[in-house]
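Working notes, beginning with the structure itself.
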Amino acid sequence: MIQSPPSAETLDRLAQVVGPKGWTRDPAEMAPYLTEWRNRWQGAAPMVVKPATTQEVAGLVRICAETKTAIVPQGGNTGLVGGQIPFGHEILLSLARMNRIRRADPINGSITVDAGCVLDTLRERARALDRMFPLSLASEGSAQIGGLLSTNAGGISVVRYGTMRDQVLGLEVVTPQGEIWDGLKALRKDNTGYDLKHLFIGAEGTLGVITAAVCKLVPRPKDVATAVVAAPDLEKAVALLHDLQAFTGGAVSAFELIPRIGIEFALKHAQGARDPFSKPHDWFVLVEVSSGVNAGGMASLLETRLAAALQDGLARDAVIAASLSQAAQFWRLRDCLSEVQKYEGASLKHDISVPVSALPAFIRRASAAVRAAAPGIRPVAFGHIGDGNVHFNLSQPLGADPQKFLSRRRDIERLVHDIVADLGGSISAEHGIGIAKKDVILNYKGSVEMEMMRRVKAALDPLGIMNPGKVL
Numbered sequence: 033m034i035q036s037p038p039s040a041e042t043l044d045r046l047a048q049v050v051g052p053k054g055w056t057r058d059p060a061e062m063a064p065y066l067t068e069w070r071n072r073w074q075g076a077a078p079m080v081v082k083p084a085t086t087q088e089v090a091g092l093v094r095i096c097a098e099t100k101t102a103i104v105p106q107g108g109n110t111g112l113v114g115g116q117i118p119f120g121h122e123i124l125l126s127l128a129r130m131n132r133i134r135r136a137d138p139i140n141g142s143i144t145v146d147a148g149c150v151l152d153t154l155r156e157r158a159r160a161l162d163r164m165f166p167l168s169l170a171s172e173g174s175a176q177i178g179g180l181l182s183t184n185a186g187g188i189s190v191v192r193y194g195t196m197r198d199q200v201l202g203l204e205v206v207t208p209q210g211e212i213w214d215g216l217k218a219l220r221k222d223n224t225g226y227d228l229k230h231l232f233i234g235a236e237g238t239l240g241v242i243t244a245a246v247c248k249l250v251p252r253p254k255d256v257a258t259a260v261v262a263a264p265d266l267e268k269a270v271a272l273l274h275d276l277q278a279f280t281g282g283a284v285s286a287f288e289l290i291p292r293i294g295i296e297f298a299l300k301h302a303q304g305a306r307d308p309f310s311k312p313h314d315w316f317v318l319v320e321v322s323s324g325v326n327a328g329g330m331a332s333l334l335e336t337r338l339a340a341a342l343q344d345g346l347a348r349d350a351v352i353a354a355s356l357s358q359a360a361q362f363w364r365l366r367d368c369l370s371e372v373q374k375y376e377g378a379s380l381k382h383d384i385s386v387p388v389s390a391l392p393a394f395i396r397r398a399s400a401a402v403r404a405a406a407p408g409i410r411p412v413a414f415g416h417i418g419d420g421n422v423h424f425n426l427s428q429p430l431g432a433d434p435q436k437f438l439s440r441r442r443d444i445e446r447l448v449h450d451i452v453a454d455l456g457g458s459i460s461a462e463h464g465i466g467i468a469k470k471d472v473i474l475n476y477k478g479s480v481e482m483e484m485m486r487r488v489k490a491a492l493d494p495l496g497i498m499n500p501g502k503v504l
């Protein structure tokens with residue numbers, strides 16, 4: 033990792049590239065860029081630069097390569113593993129000013145945007161075109177496309193549409209040498225050698241700076257039905273997913289797990305939260321099915337299959353949203369789960385994935401393991417079970433000392449991750465590696481795989497100036 037600070041001359045040269053509106057060294061102005069939004073990491077940098085064009089990014093990177101100055105690219109600063117935070121003498125490169133929508137082609141089903149374009153802006157433009165950009169997550173009002181690509185973000189619709197990697201046709205990237213790679217082709221078929229865009233997606237800014245992307249658009253759903261289902265157990269919840277996928281022909285667009293403890297936290301701390309059922313149940317799934325045909329048939333289809341599920345023992349109770357406001361109420365229960373845990377004290381968070389069929393085994397085994405290690409610990413397992421991704425969060429025992437609980441992070445994390453590995457899963461499903469897990473992955477990736485990653489890094493960024501100390 034590069035440790036020497038950039039000289040005053042280098043900082044002046046960088047400032048000249050972006051002009052007076054494109055940089056700051058004022059501590060108060062820099063503070064929002066240097067603080068991770070959950071306050072887990074506090075960074076430091078000599079300068080924040082905010083280029084407005086790809087050419088400016090290239091000019092900045094060329095100076096940094098010449099002077100061996102490290103760079104941390106940053107999108108909306110919504111990352112959860114510290115990959116977007118500088119920790120010393122790195123220049124922070126914010127893409128926020130690069131927020132244009134360059135071109136929309138609804139017939140081709142594509143839209144070209146700058147890396148700093150906010151996800152919600154892209155989704156709104158797609159709606160105006162009677163199309164949809166399917167990535168959806170809680171931070172869509174501030175998360176930027178470049179950051180979402182760099183972390184290969186997931187969200188609630190992966191079960192049907194895939195991760196961010198699946199939403200992209202082409203990229204524009206500034207290399208660590210300051211060259212511009214124009215890979216902005218809006219093609220679904222291009223079999224002319226290595227598919228270079230996939231090197232940069234999920235690389236967390238360690239191989240170059242993503243400056244623009246060609247994103248896919250899909251037909252906008254005209255008919256959406258939402259339901260909350262009480263599942264007898266986790267196995268039945270997974271079986272219900274399989275059943276609904278088969279019955280609807282793959283029309284399940286979201287399938288989210290909510291545990292009883294999550295409902296209790298929401299009822300206690302989230303304004304307006306209501307239990308969907310009159311009787312308590314241990315496990316809930318939030319189901320959404322959608323179609324491009326505006327015929328009102330999805331609710332009827334869902335009602336038919338859930339009635340069969342009740343008879344077959346795959347469900348104990350179910351309620352289908354009768355209005356958009358009721359559907360929003362259901363989603364509020366799911367969306368508030370991270371927020372309400374804050375009021376229950378310290379928590380340890382694990383973003384893991386296993387094969388969908390192994391989810392019940394994971395949740396049971398991991399819950400038992402952490403309870404044995406820390407009596408009174410409260411597992412809150414929720415999230416995207418439709419694609420095998422569970423947020424296995426652990427709230428502190430009631431009355432426990434928060435710092436003492438957090439001091440056990442590594443030991444408890446190892447228990448959870450060992451079970452994930454045993455079930456053929458991943459220790460990071462959608463949040464990335466950043467700084468939080470760069471040492472942890474050494475326990476779970478083989479030496480050949482790690483060496484291959486290091487070789488790619490050395491080949492593309494031989495000076496090691498791109499986001500040093502992250503991922504590897």
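No gaps in the numbering here: position 440 of the sequence shown is 472 in the numbering used here, and each next residue is one more. For glycine and all other residues, C-beta sits at the position ideal for the given N, C-alpha and C.
Two segments are said to touch when three or more pairs of C-beta atoms, one from each, lie closer than 8 Å; by this definition the stretch 190-202 touches the stretch 242-255. With fewer than 16 neighbouring CB atoms inside 10 Å of its own CB, residue 59 falls in the exposed class. Restricting attention to 466, 461 and 481, the CA atom closest to the CA of residue 197 is found in 461. With 16 or more neighbouring CB atoms inside 10 Å of its own CB, residue 189 falls in the buried class. Residue 424 carries a strand assignment under DSSP once its states are collapsed to helix, strand and coil.
Burial is judged here by how many other beta carbons sit within 10 angstroms of a residue's own beta carbon; residue 107 has at least 16 and is buried. About 5 Å separates the CB atoms of residue 320 and residue 285; that is less than 8 Å, so the two are in contact. Look at residue 363 here: in three-state DSSP terms it is helix.
C-alpha of residue 447 to C-alpha of residue 395: approximately 12 Å in a straight line. Less than 8 Å divides the Cβ of residue 127 from the Cβ of residue 176. The shortest CA-to-CA distance from residue 496 to any of 99, 351 and 261 is the one to 99.
Only residues of its own chain outside the window of five on either side were considered, and among them 145 and 157 have a CB closer than 6 Å to the CB of residue 133, listed in chain order. Contact between residue 353 and residue 258 holds, with the beta-carbon distance rounding to 4 Å and staying under 8 Å.
By the neighbour-count definition (other C-beta atoms within 10 Å, threshold 16), residue 425 is a buried residue. Relative to the Cα of residue 278, the nearest Cα in the group 42, 81 and 334 belongs to 334. Between residue 83 and residue 54, the C-beta spacing is below 8 Å.
When beta bridges are read from the DSSP output, residue 146 appears opposite 244. The beta carbon of residue 293 sits closer than 7 Å to the beta carbons of 410 and 412 from its chain, once the five residues preceding and following it are set aside; these are given in chain order. If you draw a straight line from the Cα of residue 451 to the Cα of residue 309, it is about 33 Å long.
In this structure the stretch 221-230 does not lie against the stretch 63-82, because fewer than three pairs of beta carbons, one per stretch, are closer than 8 Å. Fully contained in the stretch 183-267 are the following beta strand (DSSP E) runs of length 3 or more, in chain order: 200-206, 212-215, 241-248 and 255-263. With fewer than 16 other Cβ atoms from the protein chains shown falling within 10 Å of its own Cβ, residue 87 counts as exposed. Taken through DSSP and simplified to helix, strand or coil, residue 415 comes out as strand.
Around the beta carbon of residue 271, 16 or more other beta carbons lie within 10 angstroms, which makes this residue buried. The criterion of a C-beta distance shorter than 8 Å is not satisfied by residue 324 and residue 436. As a beta-bridge residue in DSSP terms, residue 106 pairs with 126. The beta carbon of residue 173 sits closer than 6 Å to those of 152, all from its chain and outside the five residues before and after it, given in chain order.
For the 8 Å CB-CB criterion, residue 288 and residue 266 do not form a contact. In this chain, the beta strand (DSSP E) harbouring residue 318 covers 315-323.
CA-to-CA, the gap between residue 149 and residue 213 works out to about 19 Å. Counting along the chain, residue 135 sits inside the beta strand (DSSP E) bounded by residues 133-137.
The three-state secondary structure of residue 52, taken from DSSP, is helix. Pairing residue 194 with residue 205 gives a Cβ-Cβ distance that is not under 8 Å.
Assignment of residue 62 by DSSP, reduced to helix, strand and coil, places it in the helix class.
Selection 499, 503 and 102 evaluated against residue 470 yields 503 as nearest (Cα-Cα).
DSSP, read as helix, strand or coil, puts residue 306 in coil.
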